[in-house]
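*Asks:* Input: one structure, supplied below.
In my numbering, the protein residues as written are 14 to 90.
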């Protein structure tokens, strides 16, 4: 199927250079990239970022403050 796409000039230059280095055509390079992208989307789930737990710093020194009944609104006044 024939189609037309608009590529930014810089992307076209990079694609043309890569195709030349690989000894292939721009068309073949784009077809391979699209095939790879299409197969990745249909066979695998989108990758989620790995969640990282926040570090917990425990301190056994110093007095402990019980905040269970603390009125935080008093701090804002």
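Glycine included, every Cβ here is placed at the ideal spot set by N, Cα and C.
1. Between residue 27 and residue 39, which are expected to be in contact by the criterion C-beta below 8 Å, what is the C-beta distance as a whole number of angstroms?
2. Looking only at C-alpha atoms, which of 34, 23, 37, 43 sits nearest to residue 16?
3. Which of the three DSSP states is assigned to residue 43 in this structure?
4. Using three-state DSSP, classify residue 67 as helix, strand or coil.
5. If you follow the alpha helix (DSSP H) that residue 86 is part of, which residue opens it and which one closes it?
*Replies:* From the atom records:
1. Sequence index remark: in the chain shown, residue 27 carries index 14 (1-based). Sequence index remark: in the chain shown, residue 39 carries index 26 (1-based). Contact doesn't hold; Cβ gap of about 11 Å is too wide.
2. Against the chain shown, residue 16 aligns to sequence position 3. It is 43.
3. For this step, residue 43 is matched to residue 30 along the chain shown. In the three-state reduction of the DSSP assignment, residue 43 falls in the helix class.
4. Along the chain shown, one-based indexing puts residue 67 at 54. In the three-state scheme derived from DSSP, where H, G and I count as helix and E and B as strand, residue 67 is classed as coil.
5. Reading the chain shown from its first residue, position 73 is the one you call residue 86. Residues 86 to 89.
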